[in-house]
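Peer 1: Handing you a structure now.
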Amino acid sequence: MRKVKVAIIGAGTAGLTALGVVRKQTEDFVIINEGWYGTTCAKVGCMPSKVLIQIADDFDRLKKLSVEGIRGVENASVDTATAMQRVRKLRDAFVGNTVKFTDSLPAGKNLNGKAVFLSKNQLEVSLPDGTSEQIEAERIILATGSRPIMPTQWAQLGPQVVTSDNFFELESLPKRVAVIGLGVIGLELGQAMARLGLDVTGIEMADTIAGISDPSIKEKALQLMRHDMQVHLGVAAQLEKLDDIIRVSAGGQSYEVDLVLVAMGRRPNLDNIGLENIGVALDERGMPPMNPETMQIAGTDIYIAGDATGSKAILHEAADEGRIAITNALATLSEKPVGHYAARTPLAMAFTHPNIACFGARFSELEQSNTAVGEFDFNETGRPKVMQETEGLVRLYADKTTKKLLGGEMIAPRGEHLVHQLAWVMQLQTEVADILRLPFYHPNLEEGLRVALRSLAKQLYSPAEVELISK
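Counting from 1 along the sequence shown, just add 6 to a position and that's the residue number in the numbering used here.
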């Protein structure tokens, strides 16, 4: 049995971040990865989806050019085969940038195989050649990632039913598509395909899309998404194979489509890895108890990070968790106490058009009696009109006592940039008055944030104070 100080299970974002830290401190480690290399983000998630979204945005923009006197684009069309080739070409380059971290490891440091716990410090790794290797590690980083949820009966319907893990391998895109699940990835890809000219039907069991909780933002988002695609909420889907098509039934209606994209979320890769052998009780989901400030699984020398935790699949959070996990693992090897780390301001977005984004607390999490709400409609200022991007709404929430931001939700043109600025000032614990004292250049989309912030200020400060702030 090989003995090492640190074993990292998984070579995704969290695992690679841990690898980068451990390599600077010791050579007594091994990283174990089952299946393909390359992070979920780079290979099947945020990066290839953004390539397709960019193509869709470029094509859709052509529809707005004639009013500006630009001629000759009226008959433009999209060759989806070429579009998907570009998606894969850029995707492969992104994956290559992540794979180089494991490819550069010395022999024996990188094992391609499935790791199973024999005990809380011992692993058995099944290798591709049919052999196995046992490893005893003083500390273990569990970063096994996640996989798409796919109902078993749907998986048996053949290649016309896909998830985000194989969607980008399609040679081209058919005319009629159903998207089951309108979280971030389902909504992004569904709208992108619709903007490329496909007939897209979206179905979601929940009563919202992309995790929106603010009723006003939800209403605006549904209105805008339905410009491009059909959206059905609060209904379950049933699939039936009929010759060369799939019949999708939901809410008393049925649709015949050529392709179904199942985007019902992702499940942590924690089953069948022997967690029952680590000596802790698992919850009803099969999850071990862990401290999110230290990433340590209770009562063990195992630290869990990234999608394996079952939390939001967000790259910078997975990287943070991988760094915290390995930092604490190495600290305890030196008989130092684990560190407790506060998470950054929550930040999430869907790269729809317009962007859907949120930061801090969601509307549904707020104590309404002590919360001020300020908003801005993008139809109210000049720059969005110049851009032909006047559809959007921002809602900001502030604590009436501390006069600081609590969070916000939006559907906004270039909202991916606006939400970052808001998350930054929130993390710096900046009062609304001090945010308003920052420069806002004219004409700019950020002026809309100032409108919403001024609305908050009127609820948080006296008229005399508001007058001073506004100058």
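Ideal placement from N, C-alpha and C gives every residue a C-beta, glycine not left out. For clarity, every value in this text was computed on a predicted model and none was experimentally measured.
(1) Would you tell me roughly how many angstroms separate the C-alpha atoms of residue 65 and residue 351, rounded to the nearest one?
(2) Does the stretch 139-153 come within contact of the stretch 16-34, defined as at least 3 CB pairs closer than 8 angstroms?
(3) Going by beta-carbon coordinates alone, are residue 283 and residue 110 separated by less than 8 angstroms?
(4) Under a three-way DSSP split, which group does residue 34 fall into?
(5) With a floor of 4 residues, list each alpha helix (DSSP H) that falls wholly inside the stretch 378-440, ordered by position along the chain.
(6) To the nearest angstrom, how far is it from the Cα of residue 207 to the Cα of residue 94?
(7) Which residue marks the beginning of the alpha helix (DSSP H) containing residue 23, and which one marks its end?
(8) Would you mind working out which of 319, 323 and 302 sits nearest residue 331, comparing C-alpha positions?
(9) Which ranges would you report for the beta strand (DSSP E) in the stretch 242-281 if only whole runs of at least 3 residues count?
(10) Which first and last residues belong to the alpha helix (DSSP H) in which residue 333 is found?
(11) Could you compute how far the alpha carbon of residue 159 sits from the alpha carbon of residue 175?
(12) Can you check whether the CB of residue 461 is closer than 8 angstroms to the CB of residue 381?
(13) What residues match up with residue 131 in a beta bridge as DSSP calls it?
(14) Please name the residue in 437, 399, 387 and 393 whose C-alpha comes closest to that of residue 410.
(15) Are the beta-carbon atoms belonging to residue 143 and residue 13 less than 8 angstroms from one another?
(16) If you run the structure through DSSP and keep just helix, strand and coil, what is residue 219?
(17) Express the C-alpha separation of residue 115 and residue 345 in angstroms, rounding to a whole number.
(18) From this set, 454, 255 and 136, which residue's C-alpha is nearest residue 243's C-alpha?
(19) Return the Cβ separation of residue 414 and residue 364 in integer angstroms, given the expectation that the two are a contact with Cβ distance under 8 angstroms.
(20) To the nearest angstrom, report how far apart residue 321 and residue 293 are at their CA atoms.
(21) What does DSSP give as the partner residues of residue 238 in its beta bridges?
(22) Could you confirm whether any beta carbon from chain D is found closer than 8 angstroms to the beta carbon of residue 307?
(23) At the level of alpha carbons, what is the spacing between residue 91 and residue 131?
(24) Does the Cβ-Cβ distance between residue 311 and residue 24 come in under 8 angstroms?
(25) Suppose you measure from the CA of residue 372 to the CA of residue 394; what does that come to, to the nearest Å?
(26) By how many angstroms is the C-alpha of residue 383 removed from the C-alpha of residue 58?
(27) Start and end of the beta strand (DSSP E) containing residue 185?
(28) Give me the DSSP bridge partner(s) of residue 152.
(29) Give the DSSP-derived three-state secondary structure of residue 167 in the structure shown.
(30) Can we say the stretch 385-404 touches the stretch 449-458, given the rule of at least three CB pairs closer than 8 angstroms?
(31) Put residue 354 into one of helix, strand or coil per three-state DSSP.
(32) Assuming contact is defined by CB atoms lying nearer than 8 angstroms, are residue 266 and residue 252 in contact in what I supplied?
(33) Cα separation between residue 440 and residue 476?
(34) Do you know how far the Cα of residue 169 is from the Cα of residue 273?
(35) If you measure between the beta carbons of residue 466 and residue 378, is that distance less than 8 angstroms?
(36) Give me whichever residues DSSP pairs with residue 365 in a beta bridge.
Peer 2: With the structure as the only source:
(1) Counting from one through the sequence shown, the residue named residue 65 turns up at place 59. Counting from one through the sequence shown, the residue named residue 351 turns up at place 345. About 34 angstroms.
(2) The way I'd put it, the stretch 139-153 does touch the stretch 16-34; three or more beta-carbon pairs between them come closer than 8 angstroms.
(3) Residue 283 sits at position 277 when you count from the first residue of the sequence shown. Residue 110 sits at position 104 when you count from the first residue of the sequence shown. The answer is no: Cβ separation not under 8 angstroms.
(4) For the purposes of this step, residue 34 is identified with residue 28 of the sequence shown, where counting begins at 1. If DSSP states are grouped into helix, strand and coil, residue 34 belongs with coil.
(5) Every alpha helix (DSSP H) of 4 residues or more that sits fully in the stretch 378-440 is shown, in chain order, as 388-393 and 421-433.
(6) Here residue 207 corresponds to residue number 201 of the sequence shown, with the count starting at 1. Here residue 94 corresponds to residue number 88 of the sequence shown, with the count starting at 1. Between the alpha carbons of residue 207 and residue 94 lies a distance of about 25 angstroms.
(7) On the sequence shown, residue 23 is found 17 positions in, with the first residue counted as 1. Taken as a continuous stretch (DSSP letters only), the alpha helix (DSSP H) holding residue 23 covers 19-28.
(8) One-based indexing of the sequence shown puts residue 331 at position 325. Among 319, 323 and 302, the Cα nearest to that of residue 331 belongs to 302.
(9) Entirely contained in the stretch 242-281, the beta strand (DSSP E) runs reaching 3 residues are, in chain order, 243-248, 251-256, 259-263, 265-268 and 272-274.
(10) Position 327 of the sequence shown, counted from the first residue, corresponds to residue 333. 321-339 is the extent of the alpha helix (DSSP H) around residue 333.
(11) Locating residue 159 in the sequence shown gives position 153, where the first residue counts as 1. Locating residue 175 in the sequence shown gives position 169, where the first residue counts as 1. Rounded to the nearest whole angstrom, the CA to CA distance from residue 159 to residue 175 is 22 angstroms.
(12) Start at 1 with the first residue of the sequence shown, and residue 381 comes out as number 375. Start at 1 with the first residue of the sequence shown, and residue 461 comes out as number 455. The answer is yes: Cβ separation under 8 angstroms.
(13) Reading the sequence shown from its first residue, position 125 is the one you call residue 131. DSSP, once it has assigned bridges, lists 121 and 139 as partnering residue 131.
(14) Here residue 410 refers to the residue found at position 404 of the sequence shown. Ranking the options by Cα distance to residue 410, first place goes to 437.
(15) In the sequence shown, the residue the question calls residue 143 occupies position 137. In the sequence shown, the residue the question calls residue 13 occupies position 7. Taking a C-beta distance under 8 angstroms as the contact criterion, residue 143 and residue 13 qualify as a contact pair.
(16) Within the sequence shown, the letter at position 213 stands for residue 219. Three-state result, residue 219: coil.
(17) Within the sequence shown, numbered from 1, the residue matching residue 345 stands at position 339. Within the sequence shown, numbered from 1, the residue matching residue 115 stands at position 109. Going by C-alpha positions, residue 345 is about 27 angstroms away from residue 115.
(18) For the purposes of this step, residue 243 is identified with residue 237 of the sequence shown, where counting begins at 1. Closest by alpha carbon: 255.
(19) Here residue 414 refers to the residue found at position 408 when the sequence shown is read from its first residue. Here residue 364 refers to the residue found at position 358 when the sequence shown is read from its first residue. With 8 angstroms as the limit, residue 414 and residue 364 qualify as a contact, their Cβ atoms being about 7 angstroms apart.
(20) Start at 1 with the first residue of the sequence shown, and residue 321 comes out as number 315. Start at 1 with the first residue of the sequence shown, and residue 293 comes out as number 287. Counting only the Cα atoms, residue 293 lies some 21 angstroms from residue 321.
(21) Here residue 238 corresponds to residue number 232 of the sequence shown, with the count starting at 1. The partner list for residue 238 (beta bridge, DSSP) reads 209.
(22) In summary, chain D is missing from the structure at hand, where a single protein chain is found.
(23) By one-based count along the sequence shown, residue 91 stands at place 85. By one-based count along the sequence shown, residue 131 stands at place 125. For residue 91 and residue 131, the distance between alpha carbons rounds to 36 angstroms.
(24) In the sequence shown, the residue the question calls residue 311 occupies position 305. In the sequence shown, the residue the question calls residue 24 occupies position 18. Residue 24 is positioned such that its CB atom lies closer than 8 angstroms to that of residue 311.
(25) Within the sequence shown, numbered from 1, the residue matching residue 372 stands at position 366. Within the sequence shown, numbered from 1, the residue matching residue 394 stands at position 388. Distance between the alpha carbons of residue 372 and residue 394 is about 34 angstroms.
(26) Reading the sequence shown from its first residue, position 52 is the one you call residue 58. Reading the sequence shown from its first residue, position 377 is the one you call residue 383. Across the structure, residue 58 and residue 383 are spaced so that their CA atoms are roughly 28 angstroms apart.
(27) Along the sequence shown, read from residue 1 onward, the residue named residue 185 stands at position 179. Counting along the chain, the beta strand (DSSP E) containing residue 185 begins and ends at 182-186.
(28) As a first step, residue 152 must be located in the sequence shown, where it is residue number 146. Answer is 274, bridged to residue 152.
(29) For the purposes of this step, residue 167 is taken as residue 161 along the sequence shown, with counting starting at 1. Residue 167: strand per DSSP, three-state reduction.
(30) Output reads yes: the stretch 449-458 touches the stretch 385-404.
(31) Your numbering for residue 354 matches position 348 in the sequence shown. In this structure, residue 354 counts as strand in the three-state DSSP scheme.
(32) What you label residue 266 is simply residue 260 of the sequence shown in a count that begins at 1. What you label residue 252 is simply residue 246 of the sequence shown in a count that begins at 1. Yes; because the gap between Cβ atoms is below 8 angstroms, this pair is in contact.
(33) In the sequence shown, residue 440 corresponds to position 434, counting from 1. In the sequence shown, residue 476 corresponds to position 470, counting from 1. Straight-line spacing of the CA atoms in residue 440 and residue 476 works out to 11 angstroms.
(34) Position 267 of the sequence shown, counted from the start, is the residue given in the question as residue 273. Position 163 of the sequence shown, counted from the start, is the residue given in the question as residue 169. Their Cα atoms are separated by approximately 13 angstroms.
(35) Stepping through the sequence shown from its first residue, residue 466 is reached at position 460. Stepping through the sequence shown from its first residue, residue 378 is reached at position 372. One thing to note: residue 466 has its Cβ within 8 angstroms of the Cβ of residue 378.
(36) Looking up residue 365 in the sequence shown gives position 359. When DSSP reads this structure, residue 365 sits in a beta bridge with 353 and 414.
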